[in-house]
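At position 675 of the sequence shown (counting the first as 1) the number is 675 in full-length UniProt numbering, and the numbers step up by one without a gap.
Ideal placement from N, C-alpha and C gives every residue a C-beta, glycine not left out.
None of these values were measured; they are calculated from a predicted model.
Heads up, the thing below is written out as structure tokens.
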Amino acid sequence: MSQVSKNIYITGAEQGSGKSVIMLAMIEMFSGLAQKIGFFRPIIHAGEEKDDLIELVTYRYQLEWPYESMYGCTDEEARRLLAHDRYDDLIKLILAKYRSLKIQSDHVICVGSDYKSGESIFEFDFNADVANNLDCLLMPIIQGGNRSNEQIIDALAGLRHDIQEKNAVLLATVINSVPAAQVGELRDQFGHDPQSNFPVYVVPSEPSLEKPSMGDIARSLNAKFLSHDFETLNLEVYNYKVAAMLVSDFLDYIEKGDLIITPGDRSDIILACLMAYHSKSYPQIAGLLLTGEQEPAPQVQYLIEGLGALPFAVLGVATDTFTTAMNVTRVHARLNSNNERKIATALSLVEDNINMQELQQRLFTRKTPRVTPIMFEYEILQRAKANPQHIVLPEGGEERILRAAEILFLRGAVKLTLLGNEETIKQKIAAMALQLEDIEIIDPMTSELRQKFAETYFELRKHKGVHYELAFDLMTDVSFFGTMMVHHNLADGMVSGSIHTTQHTIRPAFEIIKTKPGTSIVSSVFFMCLEDRVLVYGDCAVNPNPNSRQLADIAISSAQTASMFNITPRVAMLSYSTGESGKGEAVDKVRSAVELAKRLKPELKLEGPIQYDAAIDSRVAKTKMPDSEVAGQANVFIFPDLNTGNNTYKAVQRSSGAIAIGPILQGLNKPVNDLSRGCTVNDIVNTVVITAIQAQETERKPGA
Numbered sequence: 001m002s003q004v005s006k007n008i009y010i011t012g013a014e015q016g017s018g019k020s021v022i023m024l025a026m027i028e029m030f031s032g033l034a035q036k037i038g039f040f041r042p043i044i045h046a047g048e049e050k051d052d053l054i055e056l057v058t059y060r061y062q063l064e065w066p067y068e069s070m071y072g073c074t075d076e077e078a079r080r081l082l083a084h085d086r087y088d089d090l091i092k093l094i095l096a097k098y099r100s101l102k103i104q105s106d107h108v109i110c111v112g113s114d115y116k117s118g119e120s121i122f123e124f125d126f127n128a129d130v131a132n133n134l135d136c137l138l139m140p141i142i143q144g145g146n147r148s149n150e151q152i153i154d155a156l157a158g159l160r161h162d163i164q165e166k167n168a169v170l171l172a173t174v175i176n177s178v179p180a181a182q183v184g185e186l187r188d189q190f191g192h193d194p195q196s197n198f199p200v201y202v203v204p205s206e207p208s209l210e211k212p213s214m215g216d217i218a219r220s221l222n223a224k225f226l227s228h229d230f231e232t233l234n235l236e237v238y239n240y241k242v243a244a245m246l247v248s249d250f251l252d253y254i255e256k257g258d259l260i261i262t263p264g265d266r267s268d269i270i271l272a273c274l275m276a277y278h279s280k281s282y283p284q285i286a287g288l289l290l291t292g293e294q295e296p297a298p299q300v301q302y303l304i305e306g307l308g309a310l311p312f313a314v315l316g317v318a319t320d321t322f323t324t325a326m327n328v329t330r331v332h333a334r335l336n337s338n339n340e341r342k343i344a345t346a347l348s349l350v351e352d353n354i355n356m357q358e359l360q361q362r363l364f365t366r367k368t369p370r371v372t373p374i375m376f377e378y379e380i381l382q383r384a385k386a387n388p389q390h391i392v393l394p395e396g397g398e399e400r401i402l403r404a405a406e407i408l409f410l411r412g413a414v415k416l417t418l419l420g421n422e423e424t425i426k427q428k429i430a431a432m433a434l435q436l437e438d439i440e441i442i443d444p445m446t447s448e449l450r451q452k453f454a455e456t457y458f459e460l461r462k463h464k465g466v467h468y469e470l471a472f473d474l475m476t477d478v479s480f481f482g483t484m485m486v487h488h489n490l491a492d493g494m495v496s497g498s499i500h501t502t503q504h505t506i507r508p509a510f511e512i513i514k515t516k517p518g519t520s521i522v523s524s525v526f527f528m529c530l531e532d533r534v535l536v537y538g539d540c541a542v543n544p545n546p547n548s549r550q551l552a553d554i555a556i557s558s559a560q561t562a563s564m565f566n567i568t569p570r571v572a573m574l575s576y577s578t579g580e581s582g583k584g585e586a587v588d589k590v591r592s593a594v595e596l597a598k599r600l601k602p603e604l605k606l607e608g609p610i611q612y613d614a615a616i617d618s619r620v621a622k623t624k625m626p627d628s629e630v631a632g633q634a635n636v637f638i639f640p641d642l643n644t645g646n647n648t649y650k651a652v653q654r655s656s657g658a659i660a661i662g663p664i665l666q667g668l669n670k671p672v673n674d675l676s677r678g679c680t681v682n683d684i685v686n687t688v689v690i691t692a693i694q695a696q697e698t699e700r701k702p703g704a
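Structural data, given as structure tokens:
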């Protein structure tokens, strides 16, 4: 599933990083490269007011996407899911909304969630996880203000560790708002090659961007506009002054860019501010904020109205003067679509300090082979929904099967048939309050298909001594009945095994559906969904000790299965030695299988014999097989026998927390898949979806 990523995820690595300034410059860059730009936020604050960043970007770049398509969910929805331990569902919800936007866009800029008090320790981890699952290049922003260079370097080291822990693919890191005196030393420290794995850009501070405007004050405090025009709302507030003294004393404290906070009944202060603004003797203030829900006396208001347009905004709030002053200190600067001056300043600052050409080169050449479990599950579900197949589930009375059936039914992924006693199954559905009222249920004991299936089985197996009476009895067995449904095209695939053995599930398939032409053996694979990739393991469930020809077939079939699920196969045929170093019957078997597989499929990227560490670890590969195009980057692993494969997949699953989907059978003419008896509801859902995709592929092949 590797591809060139053209989408980025910008997030603060901490509170107050100034990510919106960097975001704006990146969107500006993309606007010159493509026509259809998408903008997306994973989580926004709930409420009537729309998200500031979405509004800013939509207005400035004339984006035509519906507002609801540009975010994953609200913080209220996220909290509800997390309260019920449904983190994966939260990520899937965000991913689904993002993918809908992505397919309609040339490029998508994602901007991470906003930090909130008390939650910032987990915020970066969440955003890095979302970036991984959206398959975006990560662009974290560190705050450089009010820190020494030593503190900045320490913060950067912590960030680098976090990125490595999350297996995120980095575009670049930005240290933002660095005091001018510290910039040179930091740039010397982090000078980098364009191909560096950890490029760092340093953006100096710009006071006008860090100061809130009068508009920011008004929005944050929900202030009433007593007098203003749009330009006065763009004035930056450099200082806050509470005016509670006599006018003669107050005037001594006025500075440029002051926000004067005073009770609404202090007409003397209000008139002094107006006169000071027009006087060449005093600096010009940014605005007036009147407290206590009091307005100036009518005579003063009449006087002000006669002056025409005021040179600064006059705002009013209901809170007392002390509370208002405290609230004002917590207001942060924001970019606003109406403040062209601040936007121009922000763009100029970033473009002068980040090499955009170098960044473009990294952006369009970095490959991201990452496939997270959630990404994999989402992709296969979407493929199943695109062309729903009919899957039969023989274990219709099993609770896990019914719960999985409900999920599949609600998602519209497949059409389902349950096998078993109809009355018993319906009672269970009612008792569990499942939405499965319209699902098809067939009882093999009473079905009119039983005779037809028995006749077919008798014809297929009479050369093995099977008589009709035995065939008729066998058709009451749900595995045989379900397999016959697939054979007669009454279903496209079958999934069973949650309460039956592997042998019970797959034996009818061997006898009835049989192997594909040119395939010597039916085998299996597991999709091992690790944190940042999906690997294919075969054979871990069916064949105890395959010979060289069978091992070659397993490798070829496993590569085909990988390709079916958009995994470009790089096959490692495993042994206890690498290359030509080992001797012995076991390694010779693998060596012969490799030679045979290469003759049968010369175009296949395949290596062996090779040890697991050399197959998956590029550092080991450089030592053991430096010239191999598979070593160090294998994603399909073929084990020499069932003992090795079964133990390895379980060891990896249990020790790493990987999701193991399978076993998925390969080599049959039509898809039948086995479940582990310890399977979860999610395992069943995934296996049914994979079976449906196998059925889609079978449907496309001529003569299938």
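query: Closer than 7 Å by C-beta to Q696: which residues in its own chain qualify, once you throw out the five before and the five after it? Chain order, please.; result: N387, Q389
query: Which two residues bound the contiguous beta strand (DSSP E) that contains M573?; result: 571-574
query: Grouping DSSP H, G and I as helix and E and B as strand, with all else coil, what is T424?; result: helix
query: Just mark G118 as buried or exposed, buried being the case when its beta carbon has 16 or more other beta carbons within 10 Å.; result: Low confidence applies to G118: its pLDDT is 46, below 50, so where it sits in the model is not reliable, and the reading given next is rough at best. It counts as exposed.
query: Count the other CB atoms, across all protein chains shown, that sit within 10 Å of the CB of Q435; report buried if there are 16 or more and exposed otherwise.; result: exposed
query: Could you give the DSSP three-state label for E110: helix, strand or coil?; result: According to the sequence shown, residue 110 is Cys rather than Glu. The answer is strand: DSSP assigns C110 an E or B state.
query: Using only alpha-carbon positions, find the residue among Q151, A318, Q164 that is nearest to L186.; result: Q151
query: Out of A155, T173, M494, state which residue places its alpha-carbon closest to the alpha-carbon of Q694.; result: M494
query: What are the partner residues of M139, as DSSP defines its beta bridges?; result: I10
query: What is the DSSP secondary structure of H500, reduced to helix, strand or coil?; result: coil
query: Excluding five sequence neighbours on each side, which residues of the same chain lie with their C-beta closer than 8 Å to the C-beta of D320?; result: T291, G292
query: Rank Q427, L82, K385, T372 by C-alpha distance to the C-alpha of G397 and give the top, closest one.; result: Q427
query: Which parts of the UniProt domain "DRTGG" (216-330) are runs of the beta strand (DSSP E), unbroken and 3 residues or longer, counting only runs that do not cross its ends?; result: 224-227, 239-242, 258-263, 287-291, 313-316
query: E210 to Q301, Cα distance in whole Å?; result: 33 Å
query: One question on the structure: do A96 and D75 come within less than 7 Å of each other, judged by their Cβ atoms?; result: no
query: If you run the structure through DSSP and keep just helix, strand and coil, what is N176?; result: strand
query: Quick one: is I109 buried, meaning 16 or more other Cβ sit within 10 Å of its Cβ, or exposed?; result: buried
query: In angstroms, rounded to a whole number, what distance separates the CA positions of S220 and R334?; result: 10 Å
query: With a threshold of 8 Å, are at least 3 pairs of Cβ atoms found where one atom belongs to the stretch 225-236 and the other to the stretch 169-179?; result: no
query: State yes or no: is the C-beta of P394 within less than 7 Å of the C-beta of S496?; result: yes
query: Considering only the beta carbon of each residue, do A223 and L288 sit closer than 7 Å?; result: no
query: Which class does S213 belong to by DSSP, given the choice of helix, strand or coil?; result: strand
query: Is it a yes or a no for the stretch 49-64 touching the stretch 346-353, going by three-plus beta-carbon pairs under 8 Å?; result: no
query: Counting pairs of Cβ atoms below 8 Å between the stretch 650-658 and the stretch 496-511, do you hit three or more?; result: no
query: I need the DSSP call for P444, collapsed to helix, strand or coil.; result: coil
query: From A286 to S213, what does the alpha carbon distance come to, in whole angstroms?; result: 8 Å
query: Less than 7 Å between C-beta atoms, sequence neighbours within five positions excluded: which residues of the same chain meet that for K601?; result: I556
query: The beta strand (DSSP E) spanning T74 covers which residue range?; result: 71-74
query: Using a Cβ-Cβ cutoff of less than 6 Å, which residues in the same chain neighbour L90 once the five nearest sequence positions on both sides are dropped?; result: A78, L81
query: Let me know the secondary structure DSSP gives S548 once reduced to three states.; result: helix
query: Suppose the cutoff is 6 Å on Cβ atoms and the five residues either side in sequence are ignored; what does the same chain contact list for A155 look like?; result: I142
query: Within a Cβ cutoff of 8 Å, which residues of the same chain sit near I54, ignoring the five residues on either side of it in sequence?; result: F39, R41, I44, Y67, M70, Y71
query: Take every Cβ of the stretch 527-546, pair it with every Cβ of the stretch 627-641, and state whether three or more of those distances are shorter than 8 Å.; result: yes
query: Suppose the cutoff is 6 Å on Cβ atoms and the five residues either side in sequence are ignored; what does the same chain contact list for S227 look like?; result: L310, V314
query: With which residues is C540 paired in a DSSP beta bridge?; result: DSSP lists no partner for C540.
query: Straight-line CA distance for Q382 to S558?; result: 22 Å
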